[in-house]
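In our numbering, the protein residues as written are 93 to 391.
Following this line, the structure appears as structure tokens:
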């Protein structure tokens, strides 16, 4: 755990987890994730708090956010109706590529009958009882995918609770113990390379009905203290989300995607009026082109 000395009495605990391209705890990009670089700026501009950071997995982080007796914040949350019961959400801070299905090319025949272009019918694919889908426990993959997962039998889903959950799922996939994994392509590509693999051996399929972008938020405990902290956090994010954060995120994208992403990012928050900021359930609504998996160099 890291702490920042302060004369302030109130303690603010930041929850972070290994999730490239947002937070990276080891390897050549250590500390260069988007949130790795955002968090020091938030801390610097909130000197009235005694800041600490702790690295937790997704499930543990959500448990800690539900404890309203302490001031706890997570700087990389997707909005969900369930989380909104116990989390105070910031304005959207960053539009990011949505998650999708990761398969090794050798298993393409499994998904081919369920493709419409590049997009996969996830529910139709998983109607095959012999298939299991690897997911990170308690992670939200967006409203459409979360709803699909909620209707699957437990036998169809392999949930991983570890702090290196996605990396472990990819190892299981490489060893043939799993054939299907849900993930964010920038995260998956980086982890595959860290494991000595080649992204060229994999395919990424967006899920039918899911928009190309979704929005990250800071989330704090739903308490008066959390609401007070969020008012300050929103002020800082308003300054950073127009250009600084999109450029940090674009660093992690395939070269072929960067220009398009930065172009789309200019419209993300011009459309997010104050009303939209209070209704983050509308976040998944932006259109963009297909994702190109070329340029497997690390970012």
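Ideal Cβ placement from N, Cα and C applies to all residues, glycine included.
TODO: State the DSSP-derived secondary structure class of residue 282, mapped to helix, strand or coil.
DONE: Numbered from 1 along the chain shown, position 190 holds the residue referred to as residue 282. Here residue 282 sits in helix by DSSP.
- [ ] Note down the Cα distance separating residue 353 from residue 209, rounded to an integer number of angstroms.
- [x] The residue given as residue 353 occupies position 261 in the chain shown. The residue given as residue 209 occupies position 117 in the chain shown. Whole-angstrom Cα-Cα distance: 21 Å.
TODO: Report yes or no: do the segment 169 to 182 and the segment 283 to 300 share at least 3 C-beta pairs separated by less than 8 Å?
DONE: no
- [ ] With DSSP collapsed to three states, give me the class of residue 240.
- [x] The sequence position of residue 240 within the chain shown is 148, counting from 1. It is helical.
Open item on the list: Quick check on residue 106: does DSSP put it in helix, strand or coil?
Closed with: For the purposes of this step, residue 106 is taken as residue 14 along the chain shown, with counting starting at 1. The answer is strand: DSSP assigns residue 106 an E or B state.
Open item on the list: By the three-class DSSP mapping on this structure, what secondary structure does residue 287 have?
Closed with: Counting from 1 along the chain shown, the entry for residue 287 is found at position 195. If DSSP states are grouped into helix, strand and coil, residue 287 belongs with coil.
Task: Span of the alpha helix (DSSP H), counted from its first residue to its last, around residue 264 - done: To locate residue 264, count along the chain shown from 1; it is residue 172. Residue range 257 to 266 is occupied by the alpha helix (DSSP H) that includes residue 264.
Open item on the list: Using 8 Å as the threshold, is the C-beta distance between residue 112 and residue 189 below it?
Closed with: On the chain shown, position 20 is the one that residue 112 refers to. On the chain shown, position 97 is the one that residue 189 refers to. Not a contact, by the Cβ cut-off of 8 Å.
- [ ] Indicate the three-state DSSP secondary structure (helix, strand or coil) for residue 248 in the structure shown.
- [x] In the chain shown, the residue the question calls residue 248 occupies position 156. Residue 248 sits in a helix when the DSSP states are folded into three classes.
Open item on the list: Quick check on DSSP: helix, strand or coil for residue 271?
Closed with: Taking the chain shown and counting its residues from 1, one reaches residue 271 at position 179. Residue 271 falls in the coil class under three-state DSSP.
- [ ] Please classify residue 356: does DSSP put it in a helix, a strand, or coil?
- [x] Taking the chain shown and counting its residues from 1, one reaches residue 356 at position 264. Helix at residue 356.
Open item on the list: So for residue 208, helix, strand or coil by DSSP?
Closed with: The count along the chain shown starts at 1 and reaches residue 208 at position 116. For residue 208, the secondary structure class from DSSP, reduced to helix, strand or coil, is strand.
- [ ] Determine the DSSP secondary structure at residue 330, reduced to helix, strand or coil.
- [x] Mapped onto the chain shown, residue 330 falls at position 238. Of the three classes helix, strand and coil, the one that applies to residue 330 here is helix, per DSSP.
- [ ] Give a yes or no on whether the C-beta atoms belonging to residue 187 and residue 307 are separated by under 8 Å.
- [x] Counted from its first residue, the chain shown places residue 187 at position 95. Counted from its first residue, the chain shown places residue 307 at position 215. Against a cut-off of 8 Å, the Cβ pair of residue 307 and residue 187 comes out as a contact.
- [ ] Using 10 angstroms around the beta-carbon of residue 335, count the other beta-carbons present and answer buried if the total reaches 16, otherwise exposed.
- [x] If you number the chain shown from 1, residue 335 lands on position 243. It counts as exposed.
Task: Contained beta strand (DSSP E) runs [length at least 3] in the segment 148 to 208, N- to C-terminal order - done: If we require 3 residues or more, the beta strand (DSSP E) runs fully inside the segment 148 to 208 come out as 164 to 170, 179 to 181, 186 to 189, 192 to 196.
- [ ] Give the DSSP bridge partners of residue 146, in chain order.
- [x] Here residue 146 refers to the residue found at position 54 of the chain shown. Residue 146 is bridged to 107.
Task: residue 134 to residue 357 span [Cα, whole Å] - done: Reading the chain shown from its first residue, position 42 is the one you call residue 134. Reading the chain shown from its first residue, position 265 is the one you call residue 357. Looking at the two C-alpha atoms, the distance is approximately 21 Å.
TODO: Evaluate the contact criterion for the segment 121 to 133 versus the segment 325 to 342: three or more CB pairs, one atom per stretch, below 8 Å.
DONE: yes
TODO: State the Cα-Cα distance for the pair residue 161 and residue 148, rounded to the nearest angstrom.
DONE: Counted from its first residue, the chain shown places residue 161 at position 69. Counted from its first residue, the chain shown places residue 148 at position 56. Each residue's Cα considered, the two are about 19 Å apart.
TODO: Hey, could you find the ends of the beta strand (DSSP E) residue 123 is sitting in?
DONE: The sequence position of residue 123 within the chain shown is 31, counting from 1. No beta strand (DSSP E) contains residue 123, which DSSP labels as neither H nor E.
Open item on the list: Counting beta carbon pairs with one atom in the segment 216 to 233 and one in the segment 140 to 158, are three or more of them shorter than 8 Å?
Closed with: yes
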